[in-house]
Amino acid sequence: KDAQEIIIQSLDNEDSDLRKIAAISSGRFGDHKVVGPLIKNLAKDESQEAIDALMSINDHRATDTFIQGLYSDNKIVRTVSALWLGRRGDLKNSQLLIQALEKEEEEKLDIMNLDKIKNIKDIPPAYAEAIALAQSDDPDSVSKLIGMAVSGKSIISQQAAIISLGLRSEPQAVATLIELSKTSSSVQIKMAAVFALRNYNTLEVKAALYSALEDEDIGVKLMAASSLVSLEYPLKEMVPELISIVENEKA
Numbered sequence: 025k026d027a028q029e030i031i032i033q034s035l036d037n038e039d040s041d042l043r044k045i046a047a048i049s050s051g052r053f054g055d056h057k058v059v060g061p062l063i064k065n066l067a068k069d070e071s072q073e074a075i076d077a078l079m080s081i082n083d084h085r086a087t088d089t090f091i092q093g094l095y096s097d098n099k100i101v102r103t104v105s106a107l108w109l110g111r112r113g114d115l116k117n118s119q120l121l122i123q124a125l126e127k128e129e130e131e132k133l134d135i136m137n138l139d140k141i142k143n144i145k146d147i148p149p150a151y152a153e154a155i156a157l158a159q160s161d162d163p164d165s166v167s168k169l170i171g172m173a174v175s176g177k178s179i180i181s182q183q184a185a186i187i188s189l190g191l192r193s194e195p196q197a198v199a200t201l202i203e204l205s206k207t208s209s210s211v212q213i214k215m216a217a218v219f220a221l222r223n224y225n226t227l228e229v230k231a232a233l234y235s236a237l238e239d240e241d242i243g244v245k246l247m248a249a250s251s252l253v254s255l256e257y258p259l260k261e262m263v264p265e266l267i268s269i270v271e272n273e274k275a
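If you're matching positions, the sequence shown starts at 25 in our numbering and goes up one per residue.
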């Protein structure tokens, strides 16, 4: 047996410490042959070692294996697969990422806490797919994302499409995002739109975010304030509205 074969076999060893060592070693090969066993190992252990090894693979022949990972029952496998595919950014992958996003069944993304995520393990699959789609070079993906943002099959697919459009800073999406921030019947969609608008530093967007400070929902108001701050909007200009938000919540 050669070294690679021994390490691949060790990924399924009964000893968890040995499995971690094998994951670290397999990433150093950088070969597509280790991806399938590594994904199986990740589904079992959900270890940082397996995540790091998979993300270090730069072999285009691993693409089909990561595509299969988009449909795994394991959330971390779906997240890592989406992020790896997004890094390649090609047209074929964007279509598959959109299909995978439409199948996500979680209720919603916690928009308020997305900025606090520091570890790949904590990235929800739908958010990973949104990040991946933001890196796509498929010219048709923008119109598909706009369509999904407006009338996706689920709240979470709409949220992810909105966030992806924001990350792409697509000018043609601005009108849709502003409209959703004002008129959506879903607070979650409004918050996603307000979150996405922080990527557009224009007077039109700042005006829309300022208007969102007067939304009926406290979460939308706070997200609008956060987005305005990220656009370096003068905090003193928002103070009366922020004081009003606090006073209304106390009442």
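Every residue, glycine too, gets a C-beta built ideally from N, C-alpha and C.
Take residue i and list the residues in its own chain whose beta-carbon comes closer than 6 Å to its own, dropping the five residues that flank it on each side.
{"i": "F53", "result": "Q28"}
{"i": "K99", "result": "P149"}
{"i": "S201", "result": "Note that residue 201 corresponds to Leu in the displayed sequence, not to Ser. Excluding residues within five positions, the ones whose Cβ falls inside 6 Å are A217, A220, L221."}
{"i": "R85", "result": "H56"}
Which two residues bound the contiguous alpha helix (DSSP H) that contains residue i?
{"i": "Q212", "result": "211 to 220"}
{"i": "R43", "result": "40 to 53"}
{"i": "T207", "result": "198 to 207"}
{"i": "R192", "result": "179 to 192"}
{"i": "E238", "result": "Looking at the DSSP string, E238 is not in any alpha helix (DSSP H), and its letter there is neither H nor E."}
{"i": "A106", "result": "99 to 112"}
Measuring alpha carbon to alpha carbon, tell me which of the options ends up nearest residue i.
{"i": "L191", "options": "N223, L138, S235", "result": "N223"}
{"i": "S80", "options": "L62, Y95, D69, E70", "result": "L62"}
{"i": "Q212", "options": "A185, G60, N225", "result": "A185"}
{"i": "S49", "options": "I75, K68, E38", "result": "I75"}
{"i": "G171", "options": "E153, E126, K57, A152", "result": "E126"}
{"i": "E73", "options": "I30, Q196, R43", "result": "R43"}
{"i": "A197", "options": "S175, L169, K214", "result": "L169"}
{"i": "A152", "options": "R85, T103, L255, I242", "result": "T103"}
{"i": "S40", "options": "H56, K68, Y234, G51", "result": "K68"}
{"i": "T207", "options": "D239, S181, P195", "result": "D239"}
{"i": "V58", "options": "I32, M136, E38, I144", "result": "I32"}
{"i": "G60", "options": "M136, S160, D88, N143", "result": "D88"}
Check whether the Cβ atoms of residue i and residue j sit closer than 8 Å, and answer yes or no.
{"i": "K230", "j": "L237", "result": "no"}
{"i": "L94", "j": "A106", "result": "yes"}
{"i": "L157", "j": "S193", "result": "no"}
{"i": "E130", "j": "I91", "result": "no"}
{"i": "S210", "j": "S165", "result": "no"}
Classify residue i as helix, strand or coil using the three-state DSSP reduction.
{"i": "D146", "result": "helix"}
{"i": "D139", "result": "helix"}
{"i": "K68", "result": "helix"}
{"i": "N37", "result": "coil"}
{"i": "L121", "result": "helix"}
{"i": "K57", "result": "helix"}
{"i": "V270", "result": "Low confidence applies here, because V270 scores a pLDDT of 48, under 50, leaving its location unreliable; read the following figure in that light. Residue state, collapsed to three classes: helix."}
{"i": "I81", "result": "coil"}
{"i": "T226", "result": "coil"}
{"i": "Y95", "result": "coil"}
Quick one: what's got a C-beta closer than 7 Å to residue i's C-beta in the same chain, skipping five residues either side?
{"i": "A47", "result": "L35, L62, N65, S71, E73, A74, A77"}
{"i": "L233", "result": "V218, L221, A248, S251, L252"}
Could you check whether the Cβ of residue i sits closer than 7 Å to any heavy atom belonging to the ligand FMN?
{"i": "L35", "result": "The ligand FMN is not among the ligands present in this structure, which contains no ligands whatsoever."}
Suppose the cutoff is 8 Å on Cβ atoms and the five residues either side in sequence are ignored; what does the same chain contact list for residue i look like?
{"i": "Q159", "result": "G110, R111, G113"}
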